[in-house]
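Chains as they are written, first to last, in this note's numbering: chain A, 370 to 528; chain B, 1472 to 1917. Think of the CB as a built atom: it goes at the ideal place given N, C-alpha and C, for glycine as much as any other residue. The next block holds one structure in the form of structure tokens; read it before the comments.
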């Protein structure tokens, strides 16, 4: 938990990155990105107080970051408390890929989130998965920051 | 739709004259052949009849404009300005004064005549070799008046075939996705139009997201992805009747559909638990076969024209690359080894090339390679473009291109473009709205 608190702090990430040589070269941290994973809160909505609705991914990746895992654990706790709620995990990709591959990638990202929620006790029949590929960007920009916001899996209440 | 089938009566095919004019289409054509398209002549009574039916003042000129535009857009021909024509259309059609046409540097001449015969449109046309002073071809056909645009396309196909030795691609249609609205909430509809952008028709209303329509071999059916009821599934649409049915009703998303070359199967991807595999479904008996078996993303399948092989893209090597396998899924071989990532392989109708999309250093390319991956040739580079589809003669590719938005996220557009296999003659294909995911039909007049 301590680590995740640190990760929330942009300034401290810079310090952490400087300590790691690989991080300092290839994974530059700007205000809202670590490597090319979005870490800001611009587009994030909340399922409940303190429960962010989305997690972000690196380019072409479906691996959950430390921050994503923390978000999903919060979602799992909220889902356990609200056992009647069912959800749709909407997987998305940025515009820098072919349409069909991105549909598959969005599905893979949403399933990464699903698998993690299941390991925290959420039954698979409360979760459905829907990939939008690159069809529903949240930011219409054509720049790395916009693309990082669009590579996401969003947890949406289904009922 | 009955009138869609044109009645084609060939009255005369001269084979005696040897064409001296030849157009080489295997290289980029920097000196398009100068051709004079004389307006089709029309008698006053026929002109009045067609004006009443078709609301066109002179249907003869309209048809020849279609021919002229087709020839120009092909990049292989240079239709000459009509103001320089010395001979009247009706006289030229009987017996051209070749010196006159030679004077304006025309090498080929197209003449013809339109008449109103028993409520039908009768067209005859002739192709002349100006330098040799000979008739190269003469054809006539009769059809319902509403088919007048197709008449122009068929004339172009015949001329193109006579002068290049290859089948044409003008009497064809494009199915694509018409797009409107902001980038974050695009409204998408299936649309169909003639190859030159005319007769655009929307086939869905835009209530649900639709993607990647593809024709069957006879161009009467279309398979596509629809998000109807938020369940992304592969659908089948009969263009004539408008009937739609779901074909990929699997427990998860089905996408990236295409027909097999005989039209009897649909090949597509099915995504489940984070893994996309390629499947086929027999449309007659609904038997489903799993073709790939790998924990990576396998998608964008496309058959070879003989149906023996399938190309697809997979990220099993870590990044998206192009693979070829036998149609039963055996003998999987990676064929793309260049720098960058490769996707959307589409087998050419001739069977010798695979067109693809490539992403390298932040740029997107449309290219072609031989089916073993050798001879890679990039035809065009841009900020974003993908999804090539072949013209039925395998000489032209149509694809879509999206623009980079500005710092405020404004200025997004998606347009259809075409380019010759030679890498020359890149053109935007006109569409009434934005467009993407084009698929080229087969030749309709077959």
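Through-space distance from residue 494/A to residue 1915/B, alpha-carbon basis: Along the second chain, one-based indexing puts residue 1915/B at 444. Along the first chain, one-based indexing puts residue 494/A at 125. Cα-Cα distance, rounded: 49 Å.
Within chain C, partners of residue 1857/B - CB distance below 8 Å: Absent here is chain C; the protein component of the structure consists of chains A and B.
Stretch pair the segment 440–452 of chain A + the segment 409–429 of chain A: three plus CB contacts closer than 8 Å: yes
Touch test, the segment 1815–1832 of chain B against the segment 1879–1891 of chain B, Cβ-Cβ under 8 Å, three pairs minimum: no
Ordered list of beta strand (DSSP E) runs contained in the segment 392–471 of chain A, each at least 3 residues: 415–417, 423–425 and 456–461
Interface partners of residue 1864/B on chain A, CB under 8 Å: Working through the second chain from its first residue, we reach residue 1864/B at position 393. Those within 8 Å of residue 1864/B in chain A number zero; the least Cβ separation is about 25 Å.
Beta-carbon proximity of residue 1892/B to residue 1902/B, cut-off 8 Å: Taking the first residue of the second chain as 1, we reach residue 1892/B at position 421. Taking the first residue of the second chain as 1, we reach residue 1902/B at position 431. No, the pair does not count as a contact, with Cβ atoms beyond the cut-off.
Distance, residue 1777/B Cα to residue 1554/B Cα: To locate residue 1554/B, count along the second chain from 1; it is residue 83. To locate residue 1777/B, count along the second chain from 1; it is residue 306. In a straight line, the C-alpha of residue 1554/B is about 49 Å away from that of residue 1777/B.
Residue 1531/B: first and last residue of the uninterrupted alpha helix (DSSP H) it sits in: The sequence position of residue 1531/B within the second chain is 60, counting from 1. Element bounds for residue 1531/B: 1530–1545.
Euclidean distance between Cα positions of residue 462/A and residue 1833/B: As a first step, residue 462/A must be located in the first chain, where it is residue number 93. As a first step, residue 1833/B must be located in the second chain, where it is residue number 362. Cα-Cα distance, rounded: 16 Å.
Rounded separation between residue 1700/B and residue 1651/B - CA only: In the second chain, the residue the question calls residue 1700/B occupies position 229. In the second chain, the residue the question calls residue 1651/B occupies position 180. Roughly 21 Å separates the two Cα atoms.
Same chain, Cβ closer than 6 Å to residue 1774/B, five either side skipped, listed in chain order: For the purposes of this step, residue 1774/B is identified with residue 303 of the second chain, where counting begins at 1. These residues qualify, in order along the chain: 1731, 1732 and 1781.
Short CB-CB distance (under 8 Å) between residue 462/A and chain B: As a working note, residue 462/A is residue 93 in the first chain. Output row for residue 462/A: interface = no.
One or two residues paired with residue 1839/B in a DSSP bridge: Numbered from 1 along the second chain, position 368 holds the residue referred to as residue 1839/B. Per DSSP, 1826/B and 1848/B.
Proximity test, Cβ basis, 8 Å: residue 1726/B and chain A: Working through the second chain from its first residue, we reach residue 1726/B at position 255. With 8 Å as the cut-off, residue 1726/B counts as an interface residue toward chain A.
Minimum Cβ-Cβ distance from residue 1740/B to chain A less than 8 Å: As a position in the second chain, residue 1740/B is number 269, starting the count at 1. Yes, its Cβ sits closer than 8 Å to a Cβ of chain A.
Start and end residues, beta strand (DSSP E) containing residue 1793/B: Taking the first residue of the second chain as 1, we reach residue 1793/B at position 322. Taken as a continuous stretch (DSSP letters only), the beta strand (DSSP E) holding residue 1793/B covers 1792–1797.
Chain-ordered chain B contacts of residue 494/A [CB-CB under 8 Å]: As a first step, residue 494/A must be located in the first chain, where it is residue number 125. Near residue 494/A there are no residues of chain B at all, since even the closest Cβ is about 13 Å away, more than 8 Å.
Those residues which DSSP pairs with residue 1631/B across a bridge: For the purposes of this step, residue 1631/B is taken as residue 160 along the second chain, with counting starting at 1. For residue 1631/B, which the question treats as bridged, DSSP gives no partner whatsoever.
Closer than 9 Å at the beta carbon, the chain A residues around residue 1655/B: Translated into positions along the second chain, residue 1655/B becomes position 184. Within chain A, the residues near residue 1655/B are 505, 506, 507, 508 and 509.
Start and end residues, beta strand (DSSP E) containing residue 1729/B: The residue labelled residue 1729/B in the question sits at position 258 within the second chain. Unbroken beta strand (DSSP E) run through residue 1729/B: 1724–1730.
Distance, residue 1593/B Cα to residue 1615/B Cα: Stepping through the second chain from its first residue, residue 1615/B is reached at position 144. Stepping through the second chain from its first residue, residue 1593/B is reached at position 122. Roughly 9 Å between the two C-alpha positions.
Test item: CB-CB of residue 1749/B and residue 1783/B under 8 Å: By 1-based counting over the second chain, the position of residue 1749/B is 278. By 1-based counting over the second chain, the position of residue 1783/B is 312. In contact: residue 1749/B and residue 1783/B (Cβ atoms closer than 8 Å).
Buried or exposed (CB count within 10 angstroms, at least 16 for buried), residue 478/A: For the purposes of this step, residue 478/A is taken as the residue at position 109 of the first chain. So residue 478/A ends up on the buried side.
Best match in 1567/B, 1691/B and 1871/B for proximity to residue 1912/B [C-alpha to C-alpha]: On the second chain, position 441 is the one that residue 1912/B refers to. Nearest C-alpha to residue 1912/B: 1691/B.
3-residue-minimum beta strand (DSSP E) runs that sit fully inside the segment 1751–1792 of chain B, ordered along the chain: 1759–1761, 1769–1774 and 1780–1785
Residues of the segment 1690–1706 of chain B with Cβ closer than 9 Å to any Cβ of chain A, in chain order: 1696, 1698, 1701, 1702 and 1703
Whether residue 1511/B touches residue 1585/B by CB criterion (8 Å): Taking the second chain and counting its residues from 1, one reaches residue 1511/B at position 40. Taking the second chain and counting its residues from 1, one reaches residue 1585/B at position 114. Yes, they are a contact pair.
Proximity test, Cβ basis, 8 Å: residue 520/A and chain B: Working through the first chain from its first residue, we reach residue 520/A at position 151. It does not; no Cβ of chain B falls within 8 Å.
Own chain, CB closer than 6 Å to residue 370/A, minus 5 neighbours either side, in chain order: For the purposes of this step, residue 370/A is taken as the residue at position 1 of the first chain. Its pLDDT being 40, under 50, residue 370/A is placed unreliably by the model, and the measurement read from it follows with that caveat. Result list for residue 370/A: empty, nothing under 6 Å.
Interface flag, residue 1815/B vs chain A, CB-CB below 8 Å: As a first step, residue 1815/B is located in the second chain; it is residue number 344 there, counting from the start. True, the Cβ-Cβ gap to chain A drops below 8 Å.
Option in 1803/B, 1898/B, 1509/B and 1884/B with minimal Cα separation from residue 1552/B: As a working note, residue 1552/B is residue 81 in the second chain. When only C-alpha atoms are compared, the closest one is 1509/B.
Beta carbon proximity, residue 1768/B to chain A, threshold 8 Å: If you number the second chain from 1, residue 1768/B lands on position 297. For residue 1768/B, the answer is yes, since a Cβ of chain A falls inside 8 Å of its Cβ.
Residue 1621/B classed as buried or exposed, judged by whether at least 16 other C-beta atoms fall within 10 angstroms: To locate residue 1621/B, count along the second chain from 1; it is residue 150. With 16 or more Cβ atoms within 10 Å of its Cβ, residue 1621/B is classed as buried.
Interface residues of chain A facing residue 1731/B [CB-CB closer than 9 Å]: Sequence index remark: in the second chain, residue 1731/B carries index 260 (1-based). Here the premise fails: no neighbours, minimum Cβ distance about 18 Å.
Residue 1925/B vs residue 1597/B beta-carbon contact at 8 Å: Residue 1925/B falls outside the range modelled here, since chain B spans only 1472 to 1917, and no answer is possible.
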